[in-house]
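Single-structure report; data block below.
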Amino acid sequence: MKTSIAAIAALGAFAAFGVPGPTMGWSSWNAYHSDICDSLIRSQADALVSTGLRDCGYDHVNIDDGWFGRRDENGRLHPHEKRFPDGLKPVVDYIHSKGLKAGAYSDAGENTCSNVCGGDPLGAGVGLYRHDAEDVDYLFRECGFDFIKVDYCGGLPIGNSEKRNLGEEKRYREIRAAIDGAGFPDVGMNICRWDYPGAWAREVACSWRVAPDINESWESCASIISESLFLAPYAYGGRYNDMDMLEVGRGMTFEEDRTQFAMWCAMASPLMIGCDLASMSPETLSILSNRELIAVNQDPLGLQAAVVRQFGPGEFALAKDLLTPGGVTRCLVFYCASGAKTLSMDFSELDLGGKVEVRELVEGKDLGSLEGTISYDIPAHGARVFWLKAEKRLERTRYPAHWAYLSAYQEISAEKPIGACYLHGMLSDRGYWHAAAGVGGSADSWMAWRGVHSLEGGEYDVSFEMLDAGAGFDVVVNGENFGHCDGSGPLRIRLERGMNEILLRNDSSAIGAMLAMDLAKASAGR
Ligand code: GLA
Numbered sequence: 046m047k048t049s050i051a052a053i054a055a056l057g058a059f060a061a062f063g064v065p066g067p068t069m070g071w072s073s074w075n076a077y078h079s080d081i082c083d084s085l086i087r088s089q090a091d092a093l094v095s096t097g098l099r100d101c102g103y104d105h106v107n108i109d110d111g112w113f114g115r116r117d118e119n120g121r122l123h124p125h126e127k128r129f130p131d132g133l134k135p136v137v138d139y140i141h142s143k144g145l146k147a148g149a150y151s152d153a154g155e156n157t158c159s160n161v162c163g164g165d166p167l168g169a170g171v172g173l174y175r176h177d178a179e180d181v182d183y184l185f186r187e188c189g190f191d192f193i194k195v196d197y198c199g200g201l202p203i204g205n206s207e208k209r210n211l212g213e214e215k216r217y218r219e220i221r222a223a224i225d226g227a228g229f230p231d232v233g234m235n236i237c238r239w240d241y242p243g244a245w246a247r248e249v250a251c252s253w254r255v256a257p258d259i260n261e262s263w264e265s266c267a268s269i270i271s272e273s274l275f276l277a278p279y280a281y282g283g284r285y286n287d288m289d290m291l292e293v294g295r296g297m298t299f300e301e302d303r304t305q306f307a308m309w310c311a312m313a314s315p316l317m318i319g320c321d322l323a324s325m326s327p328e329t330l331s332i333l334s335n336r337e338l339i340a341v342n343q344d345p346l347g348l349q350a351a352v353v354r355q356f357g358p359g360e361f362a363l364a365k366d367l368l369t370p371g372g373v374t375r376c377l378v379f380y381c382a383s384g385a386k387t388l389s390m391d392f393s394e395l396d397l398g399g400k401v402e403v404r405e406l407v408e409g410k411d412l413g414s415l416e417g418t419i420s421y422d423i424p425a426h427g428a429r430v431f432w433l434k435a436e437k438r439l440e441r442t443r444y445p446a447h448w449a450y451l452s453a454y455q456e457i458s459a460e461k462p463i464g465a466c467y468l469h470g471m472l473s474d475r476g477y478w479h480a481a482a483g484v485g486g487s488a489d490s491w492m493a494w495r496g497v498h499s500l501e502g503g504e505y506d507v508s509f510e511m512l513d514a515g516a517g518f519d520v521v522v523n524g525e526n527f528g529h530c531d532g533s534g535p536l537r538i539r540l541e542r543g544m545n546e547i548l549l550r551n552d553s554s555a556i557g558a559m560l561a562m563d564l565a566k567a568s569a570g571r
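The following block contains the structure:
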């Protein structure tokens with residue numbers, strides 16, 4: 046078992062097939078804030094190589110806020126004269142000479158966050174707003190950056206001289222168009238808007254922040270995990286929810302550091318190291334270079350582990366497929382945000398049957414071949430990630446609402462229709478369940494389960510459990526409309542062998558509050 050995981054780990058770090066994995070690398074912000082300079086960036090690039098982290102897949106060196114000097118009367122940006130006396134290009138060249146990619150930082154608005162939130166005068170007027178073309182030319186053509194994190198403080202009314210919200214979607218689309226238009230379509234972009242921005246984000250960026258800034262405390266990590274737990278449907282196709290930079294090695298306990306890393310890996314967040322690489326401890330390095338967990342993060346399917354069960358407040362099981370959609374290899378996470386607890390789950394709840402080979406990846410322990418149930422002691426503030434390889438994949442019959450993608454869901458604008466996923470808070474023998482509400486009433490607002498698995502394909506009766514029945518909806522399977530359902534069903538549909546998409550839509554009226562979808566294979570001859 047160990048050998049095969051190591052082989053997969055090597056593969057995962059350089060995803061040779063499937064979608065591109067979440068961005069990996071080092072970023073200057075957590076450890077240094079604006080106190081950065083040429084020699085610091087070079088020494089961190091050196092350390093990425095000498096510690097072996099580059100070869101684990103950490104291939105970006107991102108220069109965050111703090112590099113700005115001024116914008117001159119002709120609109121041209123100048124880096125800080127003391128921190129980067131020779132400019133940024135020699136630093137970017139140095140990063141490239143180490144086989145690494147260089148990431149830049151800017152703001153979609155007028156002023157950067159260190160100006161707006163920290164009062165740093167150097168961050169005033171240096172954001173991209175009104176300078177998209179010239180800044181893109183400077184950063185990508187002249188300096189040669191490969192990636193950019195684009196913040197939004199300057200797009201808020203407090204961050205620009207027009208005192209208005211410049212509009213997230215508009216600004217990020219304009220910036221993407223400027224980058225593409227200048228001939229740099231391969232430049233990766235991260236949207237730093239601190240909440241899930243909505244469906245448009247995936248058209249311009251490879252990741253988007255989903256929560257406010259992280260800090261080196263367990264409370265901060267736990268709150269970001271809880272903000273991203275139910276965002277799994279929005280991570281697909283090589284686009285990811287960004288849970289912010291890693292605080293591993295910056296003062297949390299060893300267990301908390303391991304938990305942050307494990308959860309970021311299983312939840313397919315970008316992995317941007319935030320500590321000083323030159324002085325990190327052997328424990329920190331061992332956490333960051335856990336290749337088996339990195340393989341889970343960089344898995345070619347590019348999925349974020351989704352909540353399978355909530356045991357109690359802050360106690361969750363999450364799971365996702367690895368390697369093959371609907372295959373026998375899956376990843377299971379047990380997570381306890383507060384106290385220690387023994388968590389148990391039947392493999393059948395994970396759609397796995399027969400004997401299951403199990404390896405725990407945080408501690409690196411083979412648990413051998415188990416059958417029926419997995420049970421494990423999870424420490425306080427702890428997580429364990431299990432690599433499962435089963436004899437059989439079982440067919441799932443129930444799909445909770447929180448596994449569905451809601452096309453109009455977003456968390457930043459109160460003016461737009463919001464398909465809200467809210468906690469129903471019902472603790473039953475199935476755990477806590479969420480309801481999807483606010484979907485429908487427009488052609489842009491629909492919901493879809495993307496990973497509906499059929500072992501053989503064929504006819505099924507689909508029915509729905511709802512908190513309140515709305516006006517009903519059309520059921521569209523793999524693009525084919527199977528007709529109108531009154532909200533409960535059953536409705537006869539046809540699934541293909543393998544993965545299917547079941548989409549519900551009602552362009553004129555709201556779909557009621559959805560709890561779950563149930564599938565029953567139609568008996569032959571009916
Ligand atoms: C914001 C971002 C941080 C960091 C700072 C820089 O707060 O969310 O990640 O980039 O700005 O000022």
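Quick note: the sequence shown uses our numbering, first residue 46, plus one each step. Ideal Cβ positions, reconstructed from N, Cα and C, are used throughout, including at glycine.
query                                                                                                                                                                                                   : result
Could you name the residues of the same chain whose beta carbon sits closer than 8 Å to that of Ala-54, not counting the 5 residues immediately before and after it, in chain order?                    : With a pLDDT of only 46 at Ala-54, under 50, the local geometry of the prediction cannot be trusted, and no value is derived from it.
How many Å lie between Leu-512 and Met-559 at the Cα?                                                                                                                                                   : 6 Å
Between Gly-543 and the rest of its own chain, which residues show a CB-CB distance below 8 Å, the 5 nearest in sequence each way excluded?                                                             : Pro-370, Gly-371, His-498, Ser-499 and Gly-502
Suppose the cutoff is 8 Å on Cβ atoms and the five residues either side in sequence are ignored; what does the same chain contact list for Ala-51 look like?                                            : Caution applies to Ala-51, whose pLDDT of 47 falls short of 50 and renders its modelled position unreliable; the model cannot decide the point.
If Gly-417 and Asp-391 are in contact, beta carbons under 8 Å, what's the gap, nearest whole angstrom?                                                                                                  : 7 Å
Quick one, are the C-beta atoms of Ser-229 and Val-352 less than 8 Å apart?                                                                                                                             : The question names Ser, but residue 229 is Phe in the sequence shown. Contact flag unset, no.
How should Ser-73 be labelled, buried or exposed, when 16 other C-beta atoms within 10 angstroms of its C-beta is the threshold for buried?                                                             : buried
Put Ile-556 into one of helix, strand or coil per three-state DSSP.                                                                                                                                     : coil
Within this structure, are the beta carbons of Ala-169 and Tyr-217 separated by less than 8 Å?                                                                                                          : no
With DSSP collapsed to three states, give me the class of Ser-499.                                                                                                                                      : strand
Thinking just about the alpha-carbon of each residue, which of Leu-167, Tyr-241 and Glu-248 is nearest to the one in Met-234?                                                                           : Glu-248
Of the choices Tyr-103, Glu-300 and Ser-159, whose alpha-carbon is the least far from that of Leu-145?                                                                                                  : Tyr-103
On a Cα-Cα basis, can you pick out the residue from Ala-323, Asp-321, Asp-344 and Met-325 that is closest to Trp-309?                                                                                   : Asp-344
May I have the straight-line CA-CA distance separating Pro-445 from Met-562, to the nearest angstrom?                                                                                                   : 6 Å
Is any heavy atom in the ligand GLA found nearer than 7 Å to the beta carbon of Tyr-157?                                                                                                                : The amino acid occupying residue 157 in the given sequence is Thr; Tyr does not appear at that position. Flag set: Cβ of Thr-157 near the ligand GLA.
Using the rule of at least 16 other Cβ atoms within 10 Å of the residue's Cβ for burial, across every protein chain shown, is Lys-365 buried or exposed?                                                : buried
Tell me whether Tyr-150 counts as near the ligand NAD, meaning its Cβ is closer than 7 Å to at least one heavy atom of that ligand.                                                                     : This structure lacks the ligand NAD; the ligands present are the ligand GLA.
What three-state label does DSSP hand Pro-358 in the structure shown?                                                                                                                                   : coil
Hey, quick one: how far does the beta strand (DSSP E) through Trp-71 stretch, first residue to last?                                                                                                    : 69-72
Return the residue from the list Ser-142, Val-484 and His-123 that minimises the CA-CA distance to Val-94.                                                                                              : Ser-142
According to DSSP, is Lys-434 helix, strand or coil?                                                                                                                                                    : strand
Measuring from the CB of Asp-344, is there a heavy atom of the ligand GLA at a distance below 7 Å?                                                                                                      : no
Cβ atoms of Leu-346 and Arg-368: under 8 Å apart, would you say?                                                                                                                                        : One point to set straight first is that residue 368 is Leu, not Arg, in the sequence displayed. A contact, by the Cβ cut-off of 8 Å.
Could you give the distance in angstroms between the alpha-carbon of Asn-551 and the alpha-carbon of Ser-159?                                                                                           : 45 Å
Return yes when the Cβ of Tyr-285 is within less than 8 Å of the Cβ of Ser-252, no when it is not.                                                                                                      : yes
Is Cys-320 near the ligand GLA, in the sense that its beta carbon is under 7 Å from a heavy atom of that ligand?                                                                                        : no
Name the DSSP bridge partner or partners of Tyr-103?                                                                                                                                                    : Looking at the DSSP assignment, Tyr-103 forms no beta bridge with any residue, so it has no partner.
Using 8 Å as the cut-off, can you tell me whether the region 293-313 makes contact with the region 255-275, which would need three or more C-beta pairs spanning the two stretches below that distance? : yes
Per the DSSP calculation, Pro-124 is bridged to which residue(s)?                                                                                                                                       : Phe-113
Pull up the distance between the alpha-carbon of Ala-410 and that of Asn-205, whole angstroms please.                                                                                                   : Reading off the sequence, residue 410 comes out as Lys, not Ala. Approximately 53 Å between the Cα atoms of the pair.
Use the C-beta contact count for His-176: other C-beta atoms within 10 angstroms, 16 or more gives buried, fewer gives exposed.                                                                         : buried
Could you give the DSSP three-state label for Glu-525: helix, strand or coil?                                                                                                                           : strand
Our contact map puts Glu-155 next to Tyr-174 with C-beta atoms below 8 Å; I'd like the distance itself, whole angstroms only.                                                                           : 5 Å
How big is the Cα-Cα spacing for Gly-57 and Asp-302?                                                                                                                                                    : Any answer about Gly-57 is weak, because its pLDDT of 42 lies below 50 and its placement is not dependable; what the coordinates show is given next. In a straight line, the C-alpha of Gly-57 is about 22 Å away from that of Asp-302.
Determine the DSSP secondary structure at Phe-392, reduced to helix, strand or coil.                                                                                                                    : helix
Identify every run of the alpha helix (DSSP H) within the region 268-333, keeping only runs that are complete inside it and at least 4 residues long; order them along the chain.                       : 299-311 and 327-333
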